[in-house]
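In this text, residue positions in the sequence shown follow my numbering: the first is 540, and each later residue adds one.
All C-beta atoms in this analysis are idealised placements derived from N, C-alpha and C, irrespective of residue type, glycine included.
Everything numeric in this text was worked out from a predicted model, so none of it was measured.
Everything below concerns the one structure shown next.
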Amino acid sequence: MGIAEVLCGLLVVLVVDRVSSYQGDLRLVDGGYEGLTVEISDTLPEHHCNQILHGLKVMLTEFSEQLQSTTERQIYLKDVTVLLPKSWDTASSTCSLWGPLITSGSPINSHVHVTESHPVFGANPWTQQSQGCGQPGDFIQMGAEFLRDTYDDFYVNASKSFLAQWAKFRWGIFDEEGHDSDPLYPSVFLDSKTNELHPNICLSKKNDSVFCNPDEHEPEAPTKQNSLCHGRSAWEVIKQSEDFKIVQNSASNMTSTVVEPSIKFVQPGSSRIFIAVEDTNVMEMQRRWEFVRKAVRRLVVYDISEGTQIGLLVYNSLATTTSPLTKITGTSDMRFRIGSSLPRNPSRVPPNQKCILCAFKEIAQNIEAEGNRNVGATVILISSASDITSQEDIDEIVEIANARNIKIQLILYPVTQEQNAVLNKLSILEIASRTNGATFTVMDEGFSSLSTITMMNELMDSLTSAVKVSVPGTQQLVYSKVHLGGYNSMASGSFILDDTLSNNARFAVYYNDLNHVGNHIELTSPSGLRMSNINMQEEDRDANAIFVNIPSAERGEWHYEIENRAASHQHLRIQVTSAPNESRKMSVKIWTSNSNSGNGSPKSLILYAEVKELDLPILKARVVAKLELLSINHTDSVNEPIYIDLFDTGLGDPDITGNDGVYSRYLPLELLQVQSGRYRLSIEADDNHGIAVTPVKKFYNEKDGKKCCSSKIEYSHVMFVKTFQVNEVFGSLDISKPMDSNDTVPPSRILDLRAQLDTDSYELSLRWTAPGNNFDWGYAHHYEAILADTWQKAMTFDGDLIKGMPEPVLVGTEQSIFIPIEKYDQIIYLVIRAIDDAGNQGDVSNIVSLLVPALPTTMPPPTSAIPSELVIADKKMSVTHLDLDMESMAVIIGCVAGFLFIVALLAIGIFYFVHCRLQKEKKKEKYNDSTINSIFGKNKIMQDSIHIETNKSEIYDKSSVISAKPSYNRSSKHYWTASTLLREHEKKVYTVDGLSNESMDENYSKHSTYDFNSNSKTPSIMHEEVTTYQPSYIGNNYSAYAYTTPPEYNSHNPSQYPARGISSRSSQASSAYTYELSSESSELAEMRESPSVDEQTRFIEGLEQSVSAVSNAAVINETSTPNKTKVPPPVAPKPNLTTKSCTPSDLEPKHRSVTLVK
């Protein structure tokens, strides 16, 4: 079922603010395009004016000639309007014009933008396209550098580039080539005819053509043109456009001569506003006329910017000017006089006698009085919904408006519930749509609970929004909230003022009766400053408002509190307004997919919103469309609005290109089918909690921007956007409920299907993004996917059905599946589509092709690293292998042999050095052993004592015991007393408190060492996994601490532990270690005169008894000592030791003078 049939019962009429894709003012008349407008950005310097204008003239002339040639001389460019920046001085020598300059009082919709270079496209032309195949684009943009080159050959190529973008902009075609790194439209594809990879470009393109030859078009190539246009070539789409239908077979349109387009120059002047108000007896009912006067007064006195020209007139059977066109200045008296110029009471003329044509004739006379070089104006037409204007009058009104560049903004006021039901049939709606204007609707609330203040505020907001289109500096709505009455309490809220606004803001309280507002009105700034002085408040009964002006408003979140005394059937409305910040130039636009279709039935309705700052898109913003039904529901209250999140994903349906700043989504018809009526369409956009970013412009001029981008624009550099919040009201949307209540809306089309083949397991991986149930809303019911052997079958969804597809998930979520492949040595084609719960089938997805190789029967032979031939752009280039002669081989072998000889010499030298060092160490150890033997002789008791000492005091290695101190004086006589020897013996064994006596027969490197810089006063011997130490005493009843040794501890590896003196827990050296070992020098280091031989003999005899006593009293029971390990064990709790009597007298040997003979 086609989409047109799906929505045949849905009628949508939308006229909005300046839509990007509107091309109603660009017309094809007798084979020539009229109304093309080129806008030059005010960011460009004035001294480039002559170069830009000259380049533009030459390029457009060449473009018109190529357009004639391409269309068989049926279409050409007839005239062009160049819109110059307001800041440029056209009287200077740097900006010489060859035609008259016209000043415009209303904005002009431009089709081509000349700006600074784009961050990705550079200065080259590119087209923003938001809609599908065959639909017009939004605009063409190019950098000024593109026009400043002056050589002739450039303009030929430049005009071809512009013609290619014109085809996208006017006729709705897309790229016929792929791009590097694009996941959907790659730069190469698999040719089914040759089973070879080919560049994804149009190889059959003629030199003088910008389009592919339709006879040789390759529909299987994965290009954006084939994907969105279902395989149709660009020429097929162009020939089916409205332009070619008009000139088809029309010989009268053909011209043999080159027609140079005429160029006229327009520069913006002061904005001109005419407000035309219906003055009939329909305004007598209730307070309708009073609200019109209040709304006009607020606009003129408070909202409209300085320098704007404004005029007022009323019309019934005739038209009368009540205030001529006057330029607004800062004088308050002038604003008050103009704002009060409407009659105090309406006329008694019935509405069926009103003459809208008379009003426009009166306006035309006022414009002509300004002179022929001052054209353009914005007319705000306030009219009731009575439809008595004939089609002839409407056509004449449109003719008057187009001839004078008049944009009409229509405000229907008031609209009753009965009129709202047939409002879409009004012929008066054509006045706005045919002049690129907007329509606003203000519902008549009757005698409902919200009748008075709501209708007045809606009229005020509509009037301000209509003016803001033409007057950029007009006050814009920042915040609005209704506080219901009947509670007799304080009403509070908060609002945000950011950098997108000017320094001044205005806080307003609107009331139906002044008594409804209490005495308390307080504002609190972000920094906490309170503003509650009543002298700061300004009462205006003519606007039913109390204003609080906030000069130099602080940025951030403000809070307010007011005393609400309104009755239960009334309320207070809070509004905050401010002028925009011109330095940031935030731009938010909204349009729909049927903005160009007038009042006809659309195929489907898509909402679009463009968010930019200084011509650059804002990415990752939060963009929400808001739809409010303009009527009172059955509970006599306002209907709840519908919020629609818009996204910039680039998935193709509906968002065509990602990261272009255009956010889109289908209108949620299942939500709007609840009731028909007229809806107000508005937009809310912000920085998405600080994650929104914008591209960074390049710091250099780049004329040769890269060709980019099919599915998504990728930026090299982005930066975060300053905080912003935008609320805009754009127009009205009429929706009629379809006659058929059944669900006929299919899921959206999948356009990002990707496939990858695993050649090892022959499994196919499919990935795609889930569509919705009704277009891009909700969940689909199930998927259908097929595997076909030809592209034609895949297009018609004919092939082998793939089973086991996953269940659909929420729209926007990526899904995947693995499929075993049973077809080999061929190209396969895969497509997928979604089915909703009503059985509606989504459109066929993009087609993915893959070459499945044959199953390997044997191991493939090894391949050479150097290919014998390369394939570049379908051209084979041979590669010649290098042949080496005998002389070259000899040189290579000699170099290798010399290198090996040098390595051998180095190895021998290293071996000799290591060998000599080992020999020296062995000699040193032998000398130390001989020194010990020379001191202690052959006395076995002394040798055993020394053995016990070194065994139990392993932390002192041989070098530290013997050679760490200064060398002894080699005197023939050395002597020590017995008490000195015993004290030194006890000190070395027992003074280091806290050290373990086990595992002490190995070298230092087998343990983690002390921390030299530690602040601890106790030793901190540590293991990498153990954080405390073992007790230094072991009793008879002690049993070893049970622990499990990690595997890496079983073998000693010094590299696992820190260097000596460095703790495994800290890199600081331990001061405790230094203190314990070095604070007190050893008495053995003091060299004394050697005793006699007799004294030495007596000393040794006494020493035997002393050592025996020490062994009995102080030596620990060896049987209770744990087994020795190569690393210190973890700490165990202090064991309970068996009490054993041991007095100091038992340990102290008798002092004897003994002479030791060397």
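Within 10 angstroms of its Cβ, does Asn1058 collect 16 or more other Cβ (buried), or is it exposed?
Counting from one through the sequence shown, the residue named residue 1058 turns up at place 519. With fewer than 16 Cβ atoms within 10 Å of its Cβ, Asn1058 is classed as exposed.
For the alpha helix (DSSP H) that Ser603 lies in, which residues bound it at each end?
Within the sequence shown, residue 603 is the residue found at index 64, counting from 1. It spans 588 to 609 - the alpha helix (DSSP H) in which Ser603 sits, taken as one unbroken run.
Do you know how far the Cα of Ala1319 is from the Cα of Gly1216?
The residue given as residue 1216 occupies position 677 in the sequence shown. The residue given as residue 1319 occupies position 780 in the sequence shown. Approximately 28 Å, taken between the alpha carbons.
Could you check whether Ser632 and Thr978 sit closer than 8 Å to each other, using their CB atoms as the reference points?
Here residue 978 corresponds to residue number 439 of the sequence shown, with the count starting at 1. Here residue 632 corresponds to residue number 93 of the sequence shown, with the count starting at 1. Taking 8 Å as the Cβ cut-off, Thr978 and Ser632 do not qualify as a contacting pair.
Taking only the alpha-carbon atoms, compute the straight-line gap between Phe1259 and Ser1019 and give it to the nearest angstrom.
Translated into the one-based positions of the sequence shown, residue 1259 becomes position 720. Translated into the one-based positions of the sequence shown, residue 1019 becomes position 480. The straight-line gap from Cα to Cα measures roughly 28 Å.
Whole angstroms are fine: how far does the CA of Leu1153 sit from the CA of Pro1090?
For the purposes of this step, residue 1090 is taken as the residue at position 551 of the sequence shown. For the purposes of this step, residue 1153 is taken as the residue at position 614 of the sequence shown. Straight-line Cα distance between these residues: approximately 26 Å.
For Val1708, I'd like the list of residues in its chain whose CB is within less than 8 Å of its CB, leaving aside the five on either flank, ordered along the chain.
Since the first and last residues shown for the chain are 540 and 1697, residue 1708 lies out of range.
Smallest Cα separation from Glu1179: which of Cys672, Gly1311, Trp828, Ser1170?
Taking the first residue of the sequence shown as position 1, residue 1179 is located at position 640. Looking at the Cα atoms, Ser1170 is the closest of the given residues.
I'd like to check one pair, Pro800 with Lys617: are the Cβ atoms closer than 8 Å?
Numbered from 1 along the sequence shown, position 78 holds the residue referred to as residue 617. Numbered from 1 along the sequence shown, position 261 holds the residue referred to as residue 800. Yes, they are a contact pair.
Taking DSSP's pairing of strands, which residues face His1022 in a bridge?
Residue 1022 sits at position 483 when you count from the first residue of the sequence shown. Paired residues: Leu1111.
Run the CB neighbour count on Met1428, radius 10 Å, all protein chains shown included, and call it buried at 16 or more, exposed below.
Counting from one through the sequence shown, the residue named residue 1428 turns up at place 889. Looking at its Cβ environment, which holds fewer than 16 other Cβ atoms inside 10 Å, Met1428 is exposed.
If you count every other CB in all the chains shown that lies within 10 Å of the CB of Gly1311, and 16 or more means buried, which is it?
Against the sequence shown, residue 1311 aligns to sequence position 772. In summary, Gly1311 is buried, with 16 or more beta-carbon neighbours lying within 10 Å of its beta-carbon over all protein chains present.
I need the straight-line Cα distance from Val1391 to Arg1306, nearest angstrom please.
Residue mapping note: residue 1391 aligns to position 852 of the sequence shown, counting from 1. Residue mapping note: residue 1306 aligns to position 767 of the sequence shown, counting from 1. Spanning the two alpha carbons is a distance of roughly 18 Å.
Pick out whichever of Ser1071, Pro624, Ile1085 has its Cα sitting closest to the Cα of Leu1053.
Counted from its first residue, the sequence shown places residue 1053 at position 514. For Leu1053, the nearest C-alpha among the options comes from Ile1085.
Exposed or buried, which one is Arg685 when buried takes at least 16 other CB atoms within 10 Å?
For the purposes of this step, residue 685 is taken as residue 146 along the sequence shown, with counting starting at 1. Before going on, a small fix: residue 685 reads as Phe here, not Arg. Phe685 should be labelled buried.
Go to Ala834, then tell me how far its alpha helix (DSSP H) extends in each direction, as first and last residue.
As a working note, residue 834 is residue 295 in the sequence shown. Secondary structure note for Ala834: its alpha helix (DSSP H) is the uninterrupted segment 827 to 837.
Along the chain, where does the beta strand (DSSP E) that runs through Trp1316 open and close?
In the sequence shown, counting from the first residue as 1, residue 1316 sits at position 777. First-last for Trp1316: undefined, no H or E at that position.
Could you pull out every residue in the same chain whose Cβ sits closer than 8 Å to the Cβ of Ile867, ignoring the five residues on either side in sequence?
As a first step, residue 867 must be located in the sequence shown, where it is residue number 328. For Ile867, where only same-chain residues beyond five positions count, the Cβ hits under 8 Å are Val839, Ile843, Ser844, Glu845, Gly846, Thr847, Gln848, Ile849, Met873, Arg874, Ile877.
Could you check the C-alpha separation between Trp710 and Gln674 for me, to the nearest Å?
Translated into the one-based positions of the sequence shown, residue 710 becomes position 171. Translated into the one-based positions of the sequence shown, residue 674 becomes position 135. Cα to Cα, Trp710 sits roughly 7 Å from Gln674.
Which value, in whole angstroms, describes the spacing of the CA atoms of Pro639 and Ser1249?
As a working note, residue 639 is residue 100 in the sequence shown. As a working note, residue 1249 is residue 710 in the sequence shown. Each residue's alpha carbon lies about 41 Å from the other.
For Pro1698, name the three-state secondary structure that DSSP assigns.
An answer regarding residue 1698 cannot be provided, because it is not within the stretch 540 to 1697 covered by the chain.
Using the DSSP secondary-structure output, state which residues sit across from Pro738 in a beta bridge.
As a working mapping, residue 738 is identified with position 199 in the sequence shown. According to DSSP, Pro738 bridges with Val727.
According to DSSP, is Lys763 helix, strand or coil?
On the sequence shown, position 224 is the one that residue 763 refers to. Reduced to three states, the DSSP call for Lys763 is helix.
Please return the same chain residues whose Cβ sits closer than 7 Å to the Cβ of Leu962, not counting the five positions on each side in sequence.
Within the sequence shown, residue 962 is the residue found at index 423, counting from 1. These residues qualify, in order along the chain: Ala924, Val954, Arg1217, Asp1273.
According to DSSP, is Lys900 part of a helix, a strand, or is it coil?
Against the sequence shown, residue 900 aligns to sequence position 361. Of the three classes helix, strand and coil, the one that applies to Lys900 here is helix, per DSSP.
Please list, in chain order, all residues of the same chain as Cys768 whose beta carbon is under 6 Å from its beta carbon, the five residues on each side excluded.
Translated into positions along the sequence shown, residue 768 becomes position 229. Closer than 6 Å at Cβ, skipping near neighbours: Cys672, Val776.
How about Gly1229 and Ser1287: do their beta carbons lie closer than 8 Å?
In the sequence shown, the residue the question calls residue 1229 occupies position 690. In the sequence shown, the residue the question calls residue 1287 occupies position 748. Not closer than 8 Å, so no.
For Gly869, which residues of its own chain have a beta-carbon under 7 Å away from its beta-carbon, when the five flanking residues on both sides are left out?
Here residue 869 is taken as the residue at index 330 of the sequence shown, counted from 1. Result list for Gly869: Glu845, in chain order.
To the nearest angstrom, how far is the alpha carbon of Val619 from that of Val937?
Here the question's residue 619 lines up with position 80 in the sequence shown. Here the question's residue 937 lines up with position 398 in the sequence shown. One C-alpha to the other measures close to 21 Å.
Around the C-beta of Glu1130, are 16 or more other C-beta atoms found within 10 angstroms, so that it is buried, or is it exposed?
For the purposes of this step, residue 1130 is taken as the residue at position 591 of the sequence shown. The question names Glu, but residue 1130 in the sequence shown is Trp. So Trp1130 ends up on the buried side.
Could you pull out every unbroken beta strand (DSSP E) segment of at least 3 residues lying fully inside the region 1313 to 1377, listed in chain order?
1321 to 1327, 1353 to 1359, 1365 to 1374
Where do the N-terminal and C-terminal ends of the beta strand (DSSP E) with Ile712 fall, by residue?
Mapped onto the sequence shown, residue 712 falls at position 173. Ile712 -> no beta strand (DSSP E), and no H or E assigned at all.
May I have the straight-line CA-CA distance separating Val798 from Thr609, to the nearest angstrom?
Position 259 of the sequence shown, counting from 1, holds the residue named residue 798. Position 70 of the sequence shown, counting from 1, holds the residue named residue 609. Roughly 15 Å between the two C-alpha positions.
Any idea what DSSP makes of Lys1128, helix, strand or coil?
Within the sequence shown, numbered from 1, the residue matching residue 1128 stands at position 589. Reduced to three states, the DSSP call for Lys1128 is strand.
Measuring only the C-alpha atoms, how far is Leu702 from Arg1080?
Position 163 of the sequence shown, counting from 1, holds the residue named residue 702. Position 541 of the sequence shown, counting from 1, holds the residue named residue 1080. So the two alpha carbons sit approximately 59 Å from each other.
Here's the rule: buried if 16 or more other CB atoms are within 10 angstroms of the residue's CB, otherwise exposed. What is Cys634?
By one-based count along the sequence shown, residue 634 stands at place 95. Burial call: buried.
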